[in-house]
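Following: one structure in structure tokens, then a few remarks.
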Amino acid sequence: MEILCDDDGPNICPSGGVGIYNPGYWGMNIERGEIYKIALHVKSNDSIDLYISLTSSDGLQNLATTDIKSNTLDMSQWTKVELLVRASGTNVNSRLQLKTNKKGVIWLDQVSVMPLETYKGHGFRKDLASMLADLKPQFLRFPVALMGGLGRSDNNETTSLGNDVIDPQEAQQAFEIVEANLGGAKGGSYAEGGWLNNAFRWRDTIGPWEERPGHFNDIWKYWVDDGLGFYEFLQLAEDIGADPLWVINAGISHNDQDTLDGIEFARGDSGSKWGCIRAAMGHSDPFLLNYIAIGNQDCSMRNYRGNYFRFHSAIKKAYPDIKVISNCDGSSGYLDHPADMYDVHVYASADSMFSMSHYFDWTPRVGPKALVSEYAVTGSGAGKGSFLAALAQAGFLIGLERNSDVVEMASNAPLFVNDNDRRWNPDAIVFDSWRHYGTPSYWMQHFFKESSGAIIQPSNLQSTSSKLVASAIRWTNSDNGNDYLKIKIVNYGGDLVNLKISVTGLANHVRALGSTNTILTGKLTDENSFSNPEKVVPIVYMLPNAGKEMSVSVSPYSINAFDLLLAPESSTAVTDI
């Protein structure tokens with residue numbers, strides 16, 4: 001920044017000085033009473049008298065001010081400056097401005113504003129990260145950035161079901177920086193780039209933010225500063241209680257040592273070559289990295305299988321406990337290579353998605369399990385997050401849950417979108433600089449958040465309707481230790497259905513007091529919005545007629561959960577619906 005005017009003389013600066021400002025991405029949310037950290041690198045051979053302010057978008061409302069003053073040559077070398085300011089007012093469309101009235105040249109780099117209060121102190125927006133945590137996700141797939149649940153391998157335990165998070169640059173901006181731009185979801189190709197030189201390289205994303213070179217995201221055509229890097233993904237997974245699942249670049253490259261070094265960064269002790277760098281960043285204990293996906297949608301790539309064998313061999317030799325995931329679909333036949341899981345992506349219309357509730361019924365019951373790492377309803381019926389999309393996805397998830405002997409994990413795609421930059425529809429969580437809401441697909445996933453580790457119960461749906469699907473699980477409330485039998489029913493049709501639920505095999509009784517019925521329903525085209533964020537949300541009712549046998553009415557176009565509180569001595573049950 002070159003300043004040509006001065007504080008006195010014939011070329012005096014205008015009142016208030018001159019300078020630069022940055023409005024961030026569609027404005028910064030500054031809140032009264034909150035403390036913000038302003039960090040920047042400064043260099044100048046001149047004396048500095050720099051005023052730094054947070055203001056309204058037009059500069060008329062001053063929300064916080066601080067300054068940097070130095071004598072000549074005090075900052076002749078790059079100097080990092082960190083300042084704390086407390087906001088005296090609130091403005092959801094704020095900007096950061098730097099002004100001076102002293103002639104000279106000031107070099108500035110890596111300028112940022114961060115709220116001091118973030119999710120668990122690790123830089124993520126508290127409201128958005130809390131929405132993730134509320135879904136009880138069991139794994140985070142990155143840098144593709146998908147989140148979901150994690151099932152266990154026993155055949156009588158359920159599949160893990162969950163959500164998609166976001167694309168990496170946008171996640172970083174949404175969570176870490178006030179001037180955020182989380183614009184739509186990024187496909188898994190982000191891990192590899194359209195060209196190899198634009199791939200996500202974990203080594204370039206660790207260490208101090210200002211030392212990370214960043215890279216061009218040629219998939220969605222913008223620059224990524226990698227503020228959300230390998231370390232931050234691992235930390236986020238830990239903070240929300242999820243297992244990290246790293247997607248490595250394999251289909252168009254073959255640097256297996258790079259992957260082994262990355263695993264050492266995550267899992268190595270603090271005395272190892274890469275583990276000591278992690279420890280220096282603030283995490284002395286290893287992260288629990290137990291899942292590696294070799295590539296993303298690369299099975300048809302010419303060199304994939306050769307590279308896959310090389311990676312698989314190297315990983316298993318060094319870390320035999322890590323579960324390795326193949327890109328090749330094994331749902332309709334046997335894989336021709338070793339794998340602990342295989343990856344399946346499902347994007348379909350609402351009708352097709354619902355019909356796929358039976359997709360895994362015919363999958364071979366031996367061999368690796370499926371990871372459905374991306375699923376979403378697309379097309380005109382999906383809108384910007386319609387109830388129709390949520391309804392169809394719920395039917396699909398019930399199918400995964402019922403086939404948990406062959407489906408281990410699942411994650412919705414995508415999860416986040418900034419309302420100012422919709423590059424993909426629909427998404428589960430919509431936000432801007434200061435607001436957020438969950439689409440019906442987000443609330444649908446709450447019906448499945450107890451699925452991870454729950455016991456799948458045999459269930460028989462005695463209905464001729466092709467629009468009904470159902471499942472039953474037994475789960476334990478971690479807050480109070482109560483056991484429940486959860487019966488989920490999705491009605492994809494337009495007619496009210498009266499059903500009789502019969503539960504057999506319980507050693508004791510169902511307690512009506514404490515049993516509930518949760519319903520998510522609405523018009524198929526209904527969507528939530530900033531103006532009406534709870535147009536479609538689950539409604540919970542008490543279930544006074546709860547028992548081993550009960551009659552229920554299932555509304556048209558609805559997602560239903562009947563949580564039956566079980567006496568402590570209850571045992572395995574069979575549910576007839």
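Read in order, the letters of the sequence shown correspond to residues 1 to 577 in full-length UniProt numbering.
Note that the Cβ used here is the ideal one computed from N, Cα and C, for glycine as well.
Mind checking which residues open and close the alpha helix (DSSP H) that includes residue i?
i	result
His312	Tyr304 to Ala318
Ile398	Phe387 to Arg402
Thr72	Element bounds for Thr72: n/a, residue is neither H nor E.
Phe354	Ala350 to Ser355
Met542	Here Met542 belongs to no alpha helix (DSSP H); instead the beta strand (DSSP E) covers Ile539 to Met542.
Glu408	Not the alpha helix (DSSP H): Glu408 falls in the beta strand (DSSP E), residues Val407 to Asn412.
Tyr334	Tyr334 -> no alpha helix (DSSP H), and no H or E assigned at all.
Would you mind working out which of the options sits nearest residue i, comparing C-alpha positions?
i	options	result
Val372	Ala293, Ala199, Arg435 and Ile240	Ala293
Asn217	Ala390, Thr525, Tyr190 and Gln393	Tyr190
Arg203	Tyr222, Trp195, Asp243 and Ile263	Ile263
Glu210	Glu408, Pro286, Met353 and Lys80	Lys80
Ser531	Arg474, Thr439 and Lys103	Thr439
Ser130	Ile398, Asp256, Ser515 and Ala237	Ala237
Gln445	Ala133, Gly17, His41 and Met1	Ala133
Phe142	Tyr359, Ile277 and Thr205	Thr205
Ile68	Asn62, Leu60, Gln61 and Ile38	Ile38
Asp74	Asn91, Asp49, Asn62 and Asn255	Asp49
Pro213	Lys221, Asp226 and Ile219	Asp226
Gln97	Trp246, Ser433 and Gly17	Gly17
Val346	Gly330, Tyr375 and Arg201	Tyr375
Gly399	Ile489, Gly241, Ala546 and Pro538	Ile489
Trp220	Glu82, Glu192 and Ile240	Glu192
Ser404	Ala389, Arg435, Phe431 and Gln457	Gln457
Lys136	Asn91, Val503 and Lys449	Lys449
Ile20	Ile30, Ser53 and Trp223	Ser53
Ala318	Thr363, Tyr291, Leu260 and Gly333	Leu260
Trp434	Thr72, His41 and Thr90	Thr90
Asp269	Asp285, Gly241 and Val224	Asp285
Val2	Trp78, Val92, Thr504 and Gly104	Going by the sequence as given, residue 2 is Glu instead of Val. Ranking the options by Cα distance to Glu2, first place goes to Gly104.
Gly330	Cys299, Ala279 and Trp274	Cys299
Going by beta-carbon coordinates alone, are residue i and residue j separated by less than 8 Å?
i	j	result
Ser349	Gly395	no
Tyr437	Ser529	yes
Ile487	Ala470	yes
Leu288	Asp243	yes
Gly383	Asn412	no
Leu520	Ser558	yes
Ser112	Thr55	no
Asn45	Ser70	no
His337	Arg365	no
Gly295	Ala250	yes
Ser128	Ile429	Here residue 128 is Leu; the residue named in the question, Ser, does not match the sequence. Yes, Cβ-Cβ distance for Leu128 and Ile429 is below 8 Å.
Ser468	Leu564	Ser is not the amino acid found at residue 468; the sequence shown has Leu there. No, the pair does not count as a contact, with Cβ atoms beyond the cut-off.
Pro414	Asp427	yes
Gly522	Phe387	yes
In the DSSP assignment, find the beta strand (DSSP E) that holds residue i and state where it starts and stops.
i	result
Gln457	Ile455 to Gln457
Ser44	Taken as a continuous stretch (DSSP letters only), Ser44 belongs to no beta strand (DSSP E), as it is neither H nor E.
Tyr375	Lys369 to Val377
Leu83	Thr79 to Arg86
Asp109	Trp107 to Pro115
Arg141	Phe139 to Phe142
Lys323	Lys323 to Ser326
Enumerate in chain order the residues of its own chain whose CB-to-CB distance from residue i is below 8 Å, with the five nearest sequence positions on each side excluded.
i	result
Leu335	Ser326, Cys328, Tyr342, Gly367 and Pro368
Ile501	Ile487, Glu549, Met550, Ser551, Val552, Phe562, Thr575, Asp576 and Ile577
Lys126	Glu117, Thr118 and Tyr119
Which residues in the same chain as residue i place their Cβ atom closer than 6 Å to its Cβ, once the five residues preceding and following it in sequence are excluded?
i	result
Gly494	Pro556
Val85	Tyr36, Ala64 and Thr66
Asn498	Ser553
In the DSSP assignment, what are the bridge partners of residue i?
i	result
Gly19	Lys99
Ala507	Bridge partners of Ala507: none, in fact.
Thr259	Beta-bridge pairing links Thr259 to no other residue.
Ser558	Asn491 and Thr521
Ser553	Asn498
Gly438	Ile429
His215	Val224
Thr363	Bridge partners of Thr363: none, in fact.
Glu2	Val105
Trp475	Tyr484
Tyr36	Val85 and Pro115
Asp563	Lys486 and Thr516
Phe416	Ile429
Leaving aside the five residues before and after residue i along the sequence, list all residues of the same chain whose C-beta is less than 7 Å from its C-beta, in chain order.
i	result
Phe354	Ala392, Gly395, Phe396 and Tyr492
Pro544	Ala512
Met542	Thr516
If we cut at 8 Å on Cβ distances, does residue i have a partner in chain D?
i	result
Ser326	Absence of chain D from the displayed structure is noted, only one protein chain being present.
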